[in-house]
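Asks: In terms of our numbering, the sequence shown is residues 45 to 337.
Heads up, the beta-carbon is just placed ideally off N, CA and C, and yes, glycines get one too.
Only a predicted model underlies this, so the values are computations on that prediction, with no experimental measurement involved.
Here's a structure for you.
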Amino acid sequence: MHPLNLLKMIADARPKLRKSEQKVADYVLAKPSDVIHMRIVDLAAEASVSEPTVVRFCRALNYDGFQDFKLTLAQGLASNPSFEQFALNSTDTVHEFKQKIFDSMIGNLINIREDLDSETLESAIDALAQAPRVEIYGFGASAPVCMDAQHKLHRLKILAAAYSDPHMQTISAVTLREGDVVMAVSQTGRTKDLLHSVRLVRETGATVITLCPGNTPLSDLATIAIHTDLEEDKDLSALMSSRVMHLVVIDVLAVGVAMKLGPALLDHLKTIKRSLRSLRLNDKRPAAAGAQD
Numbered sequence: 045m046h047p048l049n050l051l052k053m054i055a056d057a058r059p060k061l062r063k064s065e066q067k068v069a070d071y072v073l074a075k076p077s078d079v080i081h082m083r084i085v086d087l088a089a090e091a092s093v094s095e096p097t098v099v100r101f102c103r104a105l106n107y108d109g110f111q112d113f114k115l116t117l118a119q120g121l122a123s124n125p126s127f128e129q130f131a132l133n134s135t136d137t138v139h140e141f142k143q144k145i146f147d148s149m150i151g152n153l154i155n156i157r158e159d160l161d162s163e164t165l166e167s168a169i170d171a172l173a174q175a176p177r178v179e180i181y182g183f184g185a186s187a188p189v190c191m192d193a194q195h196k197l198h199r200l201k202i203l204a205a206a207y208s209d210p211h212m213q214t215i216s217a218v219t220l221r222e223g224d225v226v227m228a229v230s231q232t233g234r235t236k237d238l239l240h241s242v243r244l245v246r247e248t249g250a251t252v253i254t255l256c257p258g259n260t261p262l263s264d265l266a267t268i269a270i271h272t273d274l275e276e277d278k279d280l281s282a283l284m285s286s287r288v289m290h291l292v293v294i295d296v297l298a299v300g301v302a303m304k305l306g307p308a309l310l311d312h313l314k315t316i317k318r319s320l321r322s323l324r325l326n327d328k329r330p331a332a333a334g335a336q337d
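Okay, here's the thing in structure tokens:
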């Protein structure tokens, strides 16, 4: 268990614990920084349980005992001291909410990095690299993410199209064939129109890669499910972290596809770079002393 994932593991395991062990879990989740300085008798007293209950709690999480658990918790907090989920307050200054947003984003990036399964990513990369045709589906805030994926795949000479209209998704879905790939992107994994489109895709035998939370209707439909499980402030009008996480995962997939396609792709990318020069303003400022062309 990576130390950065320990608190998330406790939260996920909590419903399966005994009621007395849940009290220990609640205290650890509420005050992890305090727990690392406690003796077992102190934690038992604060959580209003017995010392054996604390030991059972640790063993339920596959630790040998309290000291082993506390060491992992301390390592996690030392590696990730302030990257917590944020809640905006009406009294926050610009500096305060800037710090909250950046710290939360960094923490989520680290957590998703550790949670992503490399074998699953490899399967998705193989499917994308070999696909005659790639379609990307998403609605709302996920639509720009789909356009970004289309852009990156086009640069890699992969025939790709992004659709955020349910009618176009339906037309796309029923014209796919085995070997084609659909990447379905969703922050919730529960959008009805997207589920309808993906069900049509599955009937064609095409591969479905989902980029959404696990244990959702969309992830259940996937051929290859890439899970992005985050806890976010649901009062915000947009789930900011999910969008950024999806963009980063798409970057990982694009780099993987580029590596899979091999050195020949480099010449193509250089050609693209040269072709774009005419679209940019030339910098007429004099070069600094000692600078090279």
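(1) The beta strand (DSSP E) that contains alanine 173, what's its start and end?
(2) With 8 Å set as the bound, which would you pick, yes or no: does the beta-carbon of histidine 195 sit closer than that to a beta-carbon of chain B?
(3) May I ask which residues mark the beginning and end of the beta strand (DSSP E) holding tyrosine 71?
(4) Roughly how many angstroms separate the alpha carbons of isoleucine 180 and proline 59, rounded to a whole number?
(5) Among Tyr71, Gly300, Met284 and Ala175, which one has its Cα closest to the Cα of isoleucine 202?
(6) Given this structure, state the Cα-to-Cα distance separating isoleucine 154 from threonine 272, to the nearest angstrom.
(7) Return the chain-ordered ranges of every beta strand (DSSP E) run that is complete within the region 223-310 and spans a minimum of 3 residues.
(8) Please work out which residues of its chain come closer than 8 Å, Cβ to Cβ, to threonine 164, disregarding the five sequence neighbours upstream and downstream, and give them in chain order.
(9) If you draw a straight line from the C-alpha of histidine 198 to the C-alpha of lysine 304, how long is it?
(10) How many angstroms separate the CA atom of valine 68 from the CA atom of phenylalanine 113?
(11) To the nearest whole angstrom, what separates the beta carbons of leucine 238 and alanine 228, a pair I think is in contact under 8 Å?
(12) Buried or exposed for threonine 219, please, with buried defined as at least 16 other CB atoms from any protein chain shown within 10 angstroms of its CB.
(13) Excluding the 5 residues preceding and the 5 following alanine 205 in the sequence, name in chain order all residues of the same chain whose CB lies nearer than 6 Å to its CB.
(14) Would you list the residues sitting across from tyrosine 181 in a DSSP beta bridge?
(15) When the Cα atoms are used, what is the spatial distance from isoleucine 156 to arginine 318?
(16) To the nearest angstrom, how far is it from the Cα of alanine 282 to the Cα of glutamate 95?
(17) Let me confirm a value: alanine 171 is counted as buried when at least 16 other C-beta atoms fall within 10 Å, else exposed. Which label applies?
(18) Hey, isoleucine 84 and phenylalanine 110: beta-carbon distance below 8 Å or not?
(19) Do three or more CB pairs link the region 181-190 to the region 208-218 at distances below 8 Å?
(20) Given that a residue counts as buried once 16 or more other Cβ atoms are within 10 Å of its Cβ, and exposed if not, what is isoleucine 253?
(21) Using the Cα positions of isoleucine 169 and alanine 298, report the straight-line distance between them to the nearest angstrom.
(22) Would you say leucine 244 and alanine 217 are within 8 Å of each other, going by their C-beta atoms?
(23) Once the 5 residues before and after leucine 73 are set aside, which same chain residues still bring their CB inside 7 Å of it?
(24) Let me make sure I understand the geometry here. Which of Val79, Arg246, Ser162 and Glu247 has the alpha-carbon closest to that of glutamine 119?
(25) Mind checking whether alanine 57 and alanine 89 have CB atoms under 8 Å apart?
(26) Classify histidine 198 as helix, strand or coil using the three-state DSSP reduction.
(27) If we ignore side chains and look at the alpha-carbon of each, how far apart do glutamate 158 and methionine 289 end up?
(28) Does the beta-carbon distance from serine 230 to cysteine 256 come in below 8 Å?
(29) Taking only the alpha-carbon atoms, compute the straight-line gap between lysine 314 and threonine 248 and give it to the nearest angstrom.
Replies: In terms of the structure at hand:
(1) Premise fails: alanine 173 lies in the alpha helix (DSSP H), 162-174, not in any beta strand (DSSP E).
(2) The chain inventory of the structure shown lacks chain B, comprising one protein chain alone.
(3) First-last for tyrosine 71: 63-74, but that is the alpha helix (DSSP H), not the beta strand (DSSP E).
(4) Each residue's alpha carbon lies about 36 Å from the other.
(5) Ala175
(6) 12 Å
(7) DSSP runs (the beta strand (DSSP E)) wholly in the region 223-310: 225-229, 251-256 and 268-271.
(8) Ile268, Ala269 and Ile270
(9) 15 Å
(10) 12 Å
(11) 6 Å
(12) exposed
(13) Leaving aside the five residues that flank alanine 205 on each side, the residues in its chain whose CB is nearer than 6 Å to its CB run, in chain order, Glu179.
(14) Tyr207 and Ala228
(15) 35 Å
(16) Low per-residue confidence applies at alanine 282: pLDDT is 41, beneath 50, and the placement is therefore not dependable, though the value from the model is reported in the following sentence. Rounded to whole angstroms, alanine 282 to glutamate 95 spans 44 Å at the Cα level.
(17) buried
(18) yes
(19) Contact holds: three or more Cβ-Cβ distances are below 8 Å.
(20) buried
(21) 8 Å
(22) Their beta carbons are under 8 Å apart, which means leucine 244 touches alanine 217 by this criterion.
(23) Correct list, in chain order: Leu51, Ile54 and Ala55.
(24) When only C-alpha atoms are compared, the closest one is Val79.
(25) no
(26) helix
(27) 13 Å
(28) yes
(29) Each residue's alpha carbon lies about 36 Å from the other.
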